[in-house]
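Report on the following structure.
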Amino acid sequence: MKRSVAIGLASAVTVACSIMTSLDGLNEPTSADAGRHAPAAAPEGRIDAGGSDARVDAPEAATGPMCDSLSPAPYFCEDFDRGRALLGGTFTTITTSSGGVIALADAGSASAPGSLSVVLPAGSSTAMVAYGLRPLPATFSKAALEMNFRVEEVGASDEHDFISIFKDRSVGLEVRADGVVVVDEDLPASDGGPDENKTVSTLVLGAGWVHLRWEIKILPSGRASSVVFADGKEVVSFSSSSGPLLGGSLTVGERSIVPLTKPWRSRYDDIVLWVE
Numbered sequence: 006m007k008r009s010v011a012i013g014l015a016s017a018v019t020v021a022c023s024i025m026t027s028l029d030g031l032n033e034p035t036s037a038d039a040g041r042h043a044p045a046a047a048p049e050g051r052i053d054a055g056g057s058d059a060r061v062d063a064p065e066a067a068t069g070p071m072c073d074s075l076s077p078a079p080y081f082c083e084d085f086d087r088g089r090a091l092l093g094g095t096f097t098t099i100t101t102s103s104g105g106v107i108a109l110a111d112a113g114s115a116s117a118p119g120s121l122s123v124v125l126p127a128g129s130s131t132a133m134v135a136y137g138l139r140p141l142p143a144t145f146s147k148a149a150l151e152m153n154f155r156v157e158e159v160g161a162s163d164e165h166d167f168i169s170i171f172k173d174r175s176v177g178l179e180v181r182a183d184g185v186v187v188v189d190e191d192l193p194a195s196d197g198g199p200d201e202n203k204t205v206s207t208l209v210l211g212a213g214w215v216h217l218r219w220e221i222k223i224l225p226s227g228r229a230s231s232v233v234f235a236d237g238k239e240v241v242s243f244s245s246s247s248g249p250l251l252g253g254s255l256t257v258g259e260r261s262i263v264p265l266t267k268p269w270r271s272r273y274d275d276i277v278l279w280v281e
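Just remember that my numbering sits 5 ahead of the position in the sequence shown, which is counted from 1.
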């Protein structure tokens, strides 16, 4: 998140073999073996937080786009393999400026053939944006976002906010020039107070794909409890306001980044959002 707007990698992951089927047990780990894939015969409809029970292997014989194979259907799914237009299909709104690019890519995907590319070039004279929006429900009790993500080129001069949920302000994940992933929550403006709250994760991105899972649980207090996993291992947990989450928009890409001396290039694949 940038102050002007208010919001490795291990080995390649094929998300068709690592997608959960429900939200039962969210944020309540039940196994000391979290981080491993569950067997293909795992009970349908049972998902616990963390790695082993959170990601259920699909049958080896499954073919076709990943999103078409999920049952029950999630709130939102985009594998970039079905030929849907980005605007009006994947996203309700796409915004770019100052040379920022968000576009489909047909090579080097986590699951062939397609993926999403975001490019933030160096040398612009003004802040850049390149993102797509997908609205969330006005209310929900828990949610889980999964996706494959990769940084193809590390930029300089500013961090890259690559995924967030935005309303009047935002909460999401950013990657720094050293590869470290950080939680970034915009705070309401107040005299003398900070405008962001950041929580550093243990995840350091490299050059390959990583499978990310962000779990959210809305609490009676009005706060939200979140846990982020990378390839099945917890990398950060944090508390935030539920304000930006309820009725906000899933934001894929960069909402605002200052002029860069080196470009950021990132890729997305197999984005799935489950809500209850």
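The C-beta atom is built at its ideal place from N, Cα and C for all residues, glycine as well.
Can you give the Cα-Cα distance for Ile99 and Ser122, rounded to whole angstroms? Cα-Cα distance, rounded: 13 Å.
Hey, could you find the ends of the beta strand (DSSP E) Tyr273 is sitting in? Looking at the DSSP string, the run of the beta strand (DSSP E) that includes Tyr273 is Trp269 to Val280.
For Val215 and Ser271, the rounded distance between their alpha carbons: 12 Å
Residues bridged to Glu190 (per DSSP): Glu190 is bridged by DSSP to Val176 and Asn202.
Starting from the Cα of Thr207, find the closest Cα among Pro79, Trp219 and Phe234 and give me that residue. Looking at the Cα atoms, Phe234 is the closest of the given residues.
If you measure between the beta carbons of Gly177 and Asp189, is that distance less than 8 Å? yes
Ala182 versus Val263: straight-line alpha-carbon distance, rounded: For the pair Ala182 and Val263, the Cα-to-Cα distance works out to about 14 Å.
Please determine, among Lys203, Ala110, Ala194 and Trp279, the residue with the shortest C-alpha to C-alpha distance to Arg218. Selected option, being the one with the closest Cα: Trp279.
For Pro70, which residues from the same chain have a beta carbon less than 7 Å from its beta carbon, with the 5 sequence-adjacent residues on both sides left out? Asp84, Asp86 and Arg87
Any idea if Pro142 is buried or exposed, counting beta-carbon neighbours within 10 angstroms, 16 or more meaning buried? Exposed, by the Cβ-count rule.
Please report the distance separating the alpha-carbon of Asp274 from that of Cys82. 10 Å
Determine which residues share a DSSP beta bridge with Asp166 and list them. Glu179
N- and C-terminal bounds of the beta strand (DSSP E) containing Phe96: For Phe96, there is no enclosing beta strand (DSSP E), as DSSP gives it neither H nor E.
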